[in-house]
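Comments concern the structure below.
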Amino acid sequence: MIIPGIYINLFFLVMVRLAGFFTTAPVFNSKLISTRVKTALIFWLTLIIMFVIPIPKNIPEFSSYFIIYLIHGFLFGALIGAIANFIFSGVQFAGSLMDMQMGLSVAQTFDPMVGAQVTIMERLMQFLCLLIFINLRGHHILLGGIYESFRMFPVTSMINLENSYISIIELCKLLFYIGVQISAPIVLVIFLLDFSFGIISRVAPQVNVFQLGFQVKPVLGGLIFILLLPLMIDRITAYLLPINDHILKLFALLQSG
Numbered sequence: 001m002i003i004p005g006i007y008i009n010l011f012f013l014v015m016v017r018l019a020g021f022f023t024t025a026p027v028f029n030s031k032l033i034s035t036r037v038k039t040a041l042i043f044w045l046t047l048i049i050m051f052v053i054p055i056p057k058n059i060p061e062f063s064s065y066f067i068i069y070l071i072h073g074f075l076f077g078a079l080i081g082a083i084a085n086f087i088f089s090g091v092q093f094a095g096s097l098m099d100m101q102m103g104l105s106v107a108q109t110f111d112p113m114v115g116a117q118v119t120i121m122e123r124l125m126q127f128l129c130l131l132i133f134i135n136l137r138g139h140h141i142l143l144g145g146i147y148e149s150f151r152m153f154p155v156t157s158m159i160n161l162e163n164s165y166i167s168i169i170e171l172c173k174l175l176f177y178i179g180v181q182i183s184a185p186i187v188l189v190i191f192l193l194d195f196s197f198g199i200i201s202r203v204a205p206q207v208n209v210f211q212l213g214f215q216v217k218p219v220l221g222g223l224i225f226i227l228l229l230p231l232m233i234d235r236i237t238a239y240l241l242p243i244n245d246h247i248l249k250l251f252a253l254l255q256s257g
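No gaps in the numbering here: position 213 of the sequence shown is 213 in our numbering, and each next residue is one more.
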């Protein structure tokens, strides 16, 4: 059985968009998932999507122009997957701010999920966000978003990605807002503690407030974290729920271009 060249080219055009998506999307880009498993999943998803989307009539033959389509499709898929990653980065940023205030930024461990050294609270917040994301079936929402992209933007359409900068700027602002809002209670309390230690060092210079801070800050920060954990879960959930809205907003911006 000879497979027509149009189907082979369509296969690669669909596959590269999925490959870009798997490069940046949370859960799917985890280092804990082996490359072999990711490749197999991309392969089978490509076959499924090929038979449920309309086949474009103007699929280019293999040439330098076809390679441009492949690169463009990879970047578009990576952009869709990166939307949820901005929220994850905001939660990790909150953990990093907590670590700096609690004096735990020096204690770093290797995180196999990202393949890099991360701080204690940063890793804890990342794991918490991942659990909430899976519980909300966020990975299903992302897969639905990448499938919708094939319906709204065929693999042969050259999308003007310049308009995506508006969505990226909004997500960057959301990243910093998430980090500051979630970490604000711990940062504020530790700041007041440092202020109190400054007064003590003036009133009683013989007290070693520097050494005392190393002992008190992690304990106080940990207690506040435990007390505010339900509120943090609610806030993270509120940020993760509108992922589909962010994806649709991106699609609307790209269509307007």
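Yeah, the Cβ is synthetic: ideal placement off N, Cα and C, and Gly gets one too.
Requested in this report: Give the DSSP-derived three-state secondary structure of residue 156 in the structure shown.
Outcome: Here the question's residue 156 lines up with position 156 in the sequence shown. Residue state, collapsed to three classes: coil.
Requested in this report: Note down, in chain order, each residue of its chain lying with its Cβ closer than 8 Å to the Cβ of residue 137, except the 5 sequence neighbours on either side.
Outcome: As a working note, residue 137 is residue 137 in the sequence shown. So no residue of the chain qualifies.
Query raised in the report: Can you tell me the Cα-Cα spacing of residue 141 and residue 58, whole angstroms?
Result: As a position in the sequence shown, residue 141 is number 141, starting the count at 1. As a position in the sequence shown, residue 58 is number 58, starting the count at 1. Using only the alpha carbons, I get a separation of about 30 Å.
Query raised in the report: Roughly how many angstroms separate the alpha carbons of residue 30 and residue 187, rounded to a whole number?
Result: Walking along the sequence shown from the start, residue 30 turns up at place 30. Walking along the sequence shown from the start, residue 187 turns up at place 187. Rounded to the nearest whole angstrom, the CA to CA distance from residue 30 to residue 187 is 30 Å.
Query raised in the report: Does the segment 145 to 154 come within contact of the segment 42 to 54, defined as at least 3 CB pairs closer than 8 Å?
Result: yes
Query raised in the report: Nearest CA to the CA of residue 235: which residue from 43, 67 and 91?
Result: Within the sequence shown, residue 235 is the residue found at index 235, counting from 1. It is 91.
Query - Three-way DSSP call (helix, strand, coil) for residue 52 in this model - result: The sequence position of residue 52 within the sequence shown is 52, counting from 1. Correct three-state label for residue 52: coil.
Query raised in the report: Do the segment 169 to 183 and the segment 206 to 226 make contact, defined as three or more Cβ pairs closer than 8 Å?
Result: no
Requested in this report: Specify, as a first and last residue, the run of the alpha helix (DSSP H) that residue 133 falls within.
Outcome: Taking the first residue of the sequence shown as 1, we reach residue 133 at position 133. In the DSSP assignment, residue 133 falls within the unbroken alpha helix (DSSP H) covering 120 to 135.
Query - Distance, residue 65 Cα to residue 71 Cα - result: By one-based count along the sequence shown, residue 71 stands at place 71. By one-based count along the sequence shown, residue 65 stands at place 65. Their Cα atoms are separated by approximately 10 Å.
Query raised in the report: Starting from residue 238 and walking both ways along the alpha helix (DSSP H), at which residues does that stretch end?
Result: Here residue 238 corresponds to residue number 238 of the sequence shown, with the count starting at 1. Per DSSP, residue 238 belongs to the alpha helix (DSSP H) from 209 to 240.
Query - For residue 61, three-class secondary structure by DSSP - result: Here residue 61 refers to the residue found at position 61 of the sequence shown. Coil.
**Report entry** Assigned secondary structure, residue 26 (DSSP; H/G/I helix, E/B strand, else coil)
**Finding:** Here residue 26 corresponds to residue number 26 of the sequence shown, with the count starting at 1. Assigned with DSSP and collapsed to three states, residue 26 falls in coil, not helix or strand.
Report task. Starting from the C-beta of residue 88, find all residues in its chain whose C-beta is less than 8 Å away, skip the five residues before and the five after it, and write them out in chain order. Result -> Here residue 88 refers to the residue found at position 88 when the sequence shown is read from its first residue. Correct list, in chain order: 26, 126, 129, 130 and 133.
Query raised in the report: Can you tell me whether DSSP reads residue 33 as helix, strand or coil?
Result: Indexing the sequence shown from 1 puts residue 33 at position 33. Correct three-state label for residue 33: coil.
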